[in-house]
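Novice: This structure is in structure tokens; I'll ask about it shortly.
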Amino acid sequence: MTATLMNGTALAERIRGEVAREASELGGVCLVTVLVGDDPASHIYIDRKHAAANEVGIETRDVRLPASAPEDDVVALVEELNADDSVDGMLVQLPLPTGMDEVRVTHAVDPVKDVDGFHPVNAGNLYLGTPLHVPATAWGCMELLAEYGVEVGGADAVVIGRSEIVGKPMAMLLLAANATVSVCHSRTKDLAAHTRRADILVAAVGRPWLVTPDMVKPGAAVVDVGINRAEDGLRGDVDPAVTEVAGYLTPVPGGVGPMTIALLLRSTLQAARYRRGLLAFRGN
Ligand code: NAP
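Taking this note's numbering, the leading residue of the sequence shown gets 172, the next gets one more, and so forth.
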């Protein structure tokens, strides 16, 4: 068997086209990003987010503070942006400099503007099955499964990874879509015994090629969230040889990665609708 590759680049392009049309209808949608410090990868990610947003007609503001900025100043800045009526969506780029309390800073973002979906109001609503803002990567994985007609209801789904950013929201979305979900992590005994049962396998670990063909059920849909830098380029968490066993597989690059930015843009539109009373935000 050779897996059908789930092309995130193509689907993301379509979503960006939809966002562009809707952003122009809404008018004046604005995303602000807060970057603290000089982590080189974060600078690249922020630049990409701005370029993608501007391309679809979303205005952006790029606020940067030095790594030496006191935590209180970062929180004060976030609160100022919460109160700024010209801002629809806001994200604080992670990681924050060592020693800064990421929980305090990310939880300071107004839940209505929290396009990353990290605030407890948004995480809690996802848990309760009444999602508002949902973390973009997990949302992107669900959109890819839907695009390729992968049946989620009743499927055995296994998520490797339990981070707040990817693993947990992924598990919640799969559960909400009626999959039977197992969440594996670094303390899981006999990982392969779990993964081999999966009709849908999501790897969000950060270990290059951790998932090998012998760990995959023939015909399964495998979603590879991992981005690991190697000398010869990017590697996912899934060995590309899995294509010989799986029914569907997201490539790295070109799978989940482009979807994350596309769904971040869609979240920004959603924030604008919440703020303009076009959609009910039930979190307050
Ligand atoms: P993270 O916070 O480091 O979480 C990794 C998870 O993997 C943890 O839950 C950890 O378990 C688990 N884990 C580690 N080693 C394991 C092993 N040997 N067996 C089973 N589970 C293991 O990472 P993250 O932020 O979720 O990101 C995961 C990967 O996705 C990274 O490669 C990241 O770069 C990538 N990513 C990609 C996108 C995208 O747009 N494509 C977006 C976000 C992240 P414990 O909880 O027990 O420590």
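Glycine is no exception: its CB is placed at the ideal position from the N, C-alpha and C atoms.
Remember, predicted model here, so these are calculated numbers, not experimental data.
Taking only runs of the alpha helix (DSSP H) that begin and end inside the stretch 207–285, which ones reach a length of at least 4 residues, in chain order?
Specialist: 211–226, 242–254 and 273–278
Novice: Among the residues of its own chain, which have a CB less than 7 Å from the CB of P429, if the five just before and after it don't count?
Specialist: Position 258 of the sequence shown, counting from 1, holds the residue named residue 429. Contacts found: G179, T180 and A183.
Novice: Under a three-way DSSP split, which group does L202 fall into?
Specialist: For the purposes of this step, residue 202 is identified with residue 31 of the sequence shown, where counting begins at 1. Strand at L202.
Novice: Please name the residue or residues paired with Y419 in a DSSP beta bridge.
Specialist: Within the sequence shown, numbered from 1, the residue matching residue 419 stands at position 248. Bridge partners of Y419 according to DSSP: T175 and A392.
Novice: Confirm the yes/no value for this check: CB of G404, any heavy atom of the ligand NAP, distance under 8 Å.
Specialist: If you number the sequence shown from 1, residue 404 lands on position 233. No, the ligand NAP has no heavy atom inside 8 Å of this Cβ.
Novice: T359: beta carbon under 8 Å from a heavy atom of the ligand NAP?
Specialist: One-based indexing of the sequence shown puts residue 359 at position 188. Answer for T359: yes, Cβ within range of the ligand NAP.
Novice: Does the ligand NAP have a heavy atom nearer than 8 Å to the CB of M430?
Specialist: By one-based count along the sequence shown, residue 430 stands at place 259. At least one heavy atom of the ligand NAP is nearer than 8 Å to the Cβ of M430, so yes.
Novice: If you follow the alpha helix (DSSP H) that L449 is in, where does it begin and where does it stop?
Specialist: In the sequence shown, the residue the question calls residue 449 occupies position 278. Taken as a continuous stretch (DSSP letters only), L449 belongs to no alpha helix (DSSP H), as it is neither H nor E.
Novice: Quick check: what's the CA-CA separation for L236 versus K284?
Specialist: Position 65 of the sequence shown, counted from the first residue, corresponds to residue 236. Position 113 of the sequence shown, counted from the first residue, corresponds to residue 284. Computed Cα separation, rounded: 20 Å.
Novice: If distances are taken between C-alpha atoms only, which option among H356, W380 and T301 comes closest to M343?
Specialist: To locate residue 343, count along the sequence shown from 1; it is residue 172. Of the listed residues, the one whose Cα sits closest to M343 is T301.
Novice: Using the Cβ count rule (16 or more neighbours within 10 Å means buried), how would you classify T308?
Specialist: Translated into positions along the sequence shown, residue 308 becomes position 137. It counts as buried.
Novice: What residue does the alpha helix (DSSP H) around V292 start on, and which one ends it?
Specialist: The residue labelled residue 292 in the question sits at position 121 within the sequence shown. Element bounds for V292: P291 to Y298.
Novice: For the ligand NAP, I want to know if I186 counts as a neighbour, meaning its beta carbon is within less than 8 Å of at least one of the ligand's heavy atoms.
Specialist: Counting from 1 along the sequence shown, the entry for residue 186 is found at position 15. Because no heavy atom of the ligand NAP lies under 8 Å away, the Cβ of I186 does not count as near it: no.
Novice: For G324, collect the residues of the same chain with a Cβ closer than 8 Å to its Cβ; drop the 5 residues on either side in sequence, then sort them by chain order.
Specialist: As a working note, residue 324 is residue 153 in the sequence shown. The answer, listed in chain order, is A348, N349 and A350.
Novice: Please state if the CB of V274 and the CB of G228 are separated by a distance shorter than 9 Å.
Specialist: One-based indexing of the sequence shown puts residue 228 at position 57. One-based indexing of the sequence shown puts residue 274 at position 103. No; because the gap between Cβ atoms is not below 9 Å, this pair is not in contact.
Novice: Using DSSP bridges, identify the partner residues of D327.
Specialist: Within the sequence shown, the letter at position 156 stands for residue 327. Paired residue(s): T351.
Novice: For M261, count neighbouring Cβ atoms within 10 angstroms of its own Cβ and tell me buried if that reaches 16, exposed if not.
Specialist: Locating residue 261 in the sequence shown gives position 90, counting from the first residue. Burial call: buried.
Novice: Using the rule of at least 16 other Cβ atoms within 10 Å of the residue's Cβ for burial, across every protein chain shown, is E250 buried or exposed?
Specialist: Position 79 of the sequence shown, counted from the first residue, corresponds to residue 250. Classification of E250: exposed, given that the 10 Å Cβ count is below 16.
Novice: What does the Cβ neighbour count give for H356, buried or exposed, with the cut at 16 atoms within 10 Å?
Specialist: Working through the sequence shown from its first residue, we reach residue 356 at position 185. Looking at its Cβ environment, which holds fewer than 16 other Cβ atoms inside 10 Å, H356 is exposed.
Novice: With 16 as the cutoff for other CB atoms within 10 Å, does H372 come out buried or exposed?
Specialist: Looking up residue 372 in the sequence shown gives position 201. Note that residue 372 corresponds to Leu in the displayed sequence, not to His. Buried, by the Cβ-count rule.
Novice: If you measure from the CB of R192, is any heavy atom of the ligand NAP nearer than 8 Å?
Specialist: Here residue 192 corresponds to residue number 21 of the sequence shown, with the count starting at 1. Every heavy atom of the ligand NAP is 8 Å or more from the Cβ of R192, so no.
Novice: Measuring straight from C-alpha to C-alpha, what distance separates D370 and R437?
Specialist: Here residue 370 is taken as the residue at index 199 of the sequence shown, counted from 1. Here residue 437 is taken as the residue at index 266 of the sequence shown, counted from 1. Each residue's alpha carbon lies about 28 Å from the other.
Novice: Measure the C-alpha to C-alpha separation of L315 and S213 and round it to an integer number of angstroms.
Specialist: Along the sequence shown, read from residue 1 onward, the residue named residue 315 stands at position 144. Along the sequence shown, read from residue 1 onward, the residue named residue 213 stands at position 42. Their Cα atoms are separated by approximately 25 Å.
Novice: Can you find a heavy atom of the ligand NAP that lies under 8 Å from the Cβ of T308?
Specialist: Translated into positions along the sequence shown, residue 308 becomes position 137. Answer for T308: yes, Cβ within range of the ligand NAP.
Novice: Quick check on the DSSP output: the alpha helix (DSSP H) that includes G311 runs from which residue to which?
Specialist: Along the sequence shown, one-based indexing puts residue 311 at 140. Here the alpha helix (DSSP H) through G311 covers A307 to E318.
Novice: Using the C-alpha atoms, what's the distance from D385 back to A254?
Specialist: In the sequence shown, counting from the first residue as 1, residue 254 sits at position 83. In the sequence shown, counting from the first residue as 1, residue 385 sits at position 214. Spanning the two alpha carbons is a distance of roughly 53 Å.
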